[in-house]
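K.L.:
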Amino acid sequence: MRNNLIIIFTLLVIGSSCKPALNAGLTMEEVMALRSQEAKALESNADIVNCEKNTQHEHNAYVVLNNMWGEANLKKDSAALCTFSKGERFGWKWSVPNHAKGVIGYPSIRVGPGPWRNDLARMNGLPKQINTINHLSVDFDTEIYVKHKTYNLAVDIWLNETLPANKDNITTEIMVWEDHYDFNSYGKKVGELVTDFGAYDVMSGYLKKEEWQQDWQYYAFVRQDPRKSGHLDLMVFIDYLIKNHGLNPNDYVTSVEFGNEIGDSSGFTLFKDFKFDLE
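Set out below in structure tokens:
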């Protein structure tokens, strides 16, 4: 992959619910016509457009990932993804066949180098050992327009035992689902967490699949009242896991990502605001 971009993500279970398709009576063009002027302008007047799958582009101090890691499950060239940047705003437009199974991609913004570079690079104050973090949060404001079904809006936090971070010393992946439709998380429900900014189901499972190079603990906090904007104090989730599930405070946070896991859906996401704060 270009730019040495190596991305491995959690397999999630697509719900077999009978939820109706979103915007079932509309064409994709009609759904796109429903977008705000801000969302339309991001696509039509973007400073950066990247339609090359599994690559990335710089967005201010961060990186926007065009990530279609699960496209191998589809016929060649049957899915499309473009990412956009304009000033402070960014987003993506995707198209996946309605018959798709599983997670096809995770377009996202990434803060920090992550566990795939296998070097000592530092970005945005990361990696940083958990027990030295006083504050870790994101603020976000999005617009999401979707046709058909499966997607979520989720933070993905990677923890590594040692540095330099690589796939072999990943200990934990923590996801925080803020919005979702027709989507079930991997793992079993092991509790609930009530915070000042919302209530979450706590999901837990261990991922060990050689074909996906997975061997780590997975947690997902799935919001009970989905939203598309707000404030997230990420240390609330990390502290909960330290106190209740034995998470090691000596681990390193190596990256924080925020985006849409996409399945059998097509749509457009605009991030009107994204703020990352680390102390």
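Residue numbers (my numbering): 26 to 304.
Backbone N, C-alpha and C fix where the C-beta goes; we use that ideal spot for every residue, glycine too.
#1: Once you ignore the five residues that flank residue 122 on each side, which residues in its own chain have a CB closer than 6 Å to its CB?
#2: Rounded to whole angstroms, how far is the Cβ of residue 183 from the Cβ of residue 130, which I believe are closer than 8 Å?
#3: Per DSSP, residue 76 forms a beta bridge with which residues?
#4: Would the beta-carbon of residue 245 fall within 7 Å of that of residue 210?
#5: With respect to the beta strand (DSSP E) encompassing residue 69, which residues constitute its N-terminal and C-terminal limits?
#6: Give a yes or no on contact between the region 196-203 and the region 236-243, applying the rule of three or more CB pairs nearer than 8 Å.
#7: Using 8 Å for Cβ pairs, my map puts residue 137 next to residue 280. What's the rounded Cβ distance?
#8: Quick check: what's the CA-CA separation for residue 163 versus residue 208?
#9: Could you please give me the residues that DSSP links to residue 249 through a beta bridge?
#10: Pick from 165, 206, 62 and 99: whose alpha carbon is nearest that of residue 282?
#11: Would you mind stating whether residue 227 and residue 219 have Cβ atoms separated by less than 7 Å?
#12: Applying the criterion that 16 or more other CB atoms from any shown protein chain within 10 Å of the CB defines a buried residue, is residue 133 buried or exposed?
#13: Where residue 46 and residue 114 are concerned, what is the direct C-alpha to C-alpha distance, given to the nearest angstrom?
#14: Which first and last residues belong to the alpha helix (DSSP H) in which residue 269 is found?
#15: List the residues that DSSP assigns as beta-bridge partners of residue 124.
#16: Which residues in the same chain as residue 135 place their Cβ atom closer than 7 Å to its Cβ, once the five residues preceding and following it in sequence are excluded?
#17: Is residue 69 closer than 7 Å to residue 168 when the C-beta atoms are compared?
#18: Is the beta carbon of residue 67 sitting closer than 7 Å to the one on residue 109?
#19: Go to residue 200, then tell me how far its alpha helix (DSSP H) extends in each direction, as first and last residue.
#20: Can you tell which of 238, 262, 270 and 174 has the C-alpha that lies nearest to the C-alpha of residue 141?
#21: Identify, in the order they occur along the chain, each residue of the same chain with its Cβ nearer than 7 Å to the Cβ of residue 172, setting aside the five sequence neighbours on each side.
#22: The beta strand (DSSP E) that contains residue 105, what's its start and end?
P.N.:
Quick look at the numbers:
#1: For the purposes of this step, residue 122 is taken as residue 97 along the sequence shown, with counting starting at 1. Within the same chain, residue 122 has close Cβ partners 103.
#2: Taking the sequence shown and counting its residues from 1, one reaches residue 183 at position 158. Taking the sequence shown and counting its residues from 1, one reaches residue 130 at position 105. Residue 183 to residue 130, Cβ: 18 Å. No contact.
#3: By 1-based counting over the sequence shown, the position of residue 76 is 51. In DSSP, residue 76 forms no bridge with anything.
#4: Residue 245 sits at position 220 when you count from the first residue of the sequence shown. Residue 210 sits at position 185 when you count from the first residue of the sequence shown. Cβ distance < 7 Å, so residue 245 and residue 210 count as in contact.
#5: Start at 1 with the first residue of the sequence shown, and residue 69 comes out as number 44. Run containing residue 69: none in the beta strand (DSSP E); it sits in the alpha helix (DSSP H), 62-69.
#6: yes
#7: For the purposes of this step, residue 137 is taken as residue 112 along the sequence shown, with counting starting at 1. For the purposes of this step, residue 280 is taken as residue 255 along the sequence shown, with counting starting at 1. 4 Å between Cβ atoms; contact.
#8: Mapped onto the sequence shown, residue 163 falls at position 138. Mapped onto the sequence shown, residue 208 falls at position 183. Distance between the alpha carbons of residue 163 and residue 208: 23 Å.
#9: Position 224 of the sequence shown, counting from 1, holds the residue named residue 249. Per DSSP, none; premise fails for residue 249.
#10: Numbered from its first residue, the sequence shown carries residue 282 at position 257. The residue with the shortest Cα to Cα distance from residue 282 is 165.
#11: Within the sequence shown, numbered from 1, the residue matching residue 227 stands at position 202. Within the sequence shown, numbered from 1, the residue matching residue 219 stands at position 194. No, they are not a contact pair.
#12: The sequence position of residue 133 within the sequence shown is 108, counting from 1. Under this definition residue 133 is a buried residue.
#13: Position 21 of the sequence shown, counted from the first residue, corresponds to residue 46. Position 89 of the sequence shown, counted from the first residue, corresponds to residue 114. About 28 Å.
#14: By one-based count along the sequence shown, residue 269 stands at place 244. Counting along the chain, the alpha helix (DSSP H) containing residue 269 begins and ends at 259-270.
#15: Your numbering for residue 124 matches position 99 in the sequence shown. Bridge partners of residue 124: none, in fact.
#16: Against the sequence shown, residue 135 aligns to sequence position 110. Once the five neighbours on either side are set aside, the close Cβ partners of residue 135 are 87, 88, 90, 280 and 282.
#17: By 1-based counting over the sequence shown, the position of residue 168 is 143. By 1-based counting over the sequence shown, the position of residue 69 is 44. Not a contact, by the Cβ cut-off of 7 Å.
#18: On the sequence shown, residue 67 is found 42 positions in, with the first residue counted as 1. On the sequence shown, residue 109 is found 84 positions in, with the first residue counted as 1. Yes, these two residues count as a Cβ contact at 7 Å.
#19: For the purposes of this step, residue 200 is taken as the residue at position 175 of the sequence shown. Per DSSP, residue 200 belongs to no alpha helix (DSSP H); it is in the beta strand (DSSP E), 195-206.
#20: Here the question's residue 141 lines up with position 116 in the sequence shown. Checked all of 238, 262, 270 and 174; the closest Cα to residue 141 is 238.
#21: Along the sequence shown, read from residue 1 onward, the residue named residue 172 stands at position 147. Excluding residues within five positions, the ones whose Cβ falls inside 7 Å are 47, 48, 51, 53, 56, 290, 291 and 292.
#22: In the sequence shown, counting from the first residue as 1, residue 105 sits at position 80. It spans 105-111 - the beta strand (DSSP E) in which residue 105 sits, taken as one unbroken run.
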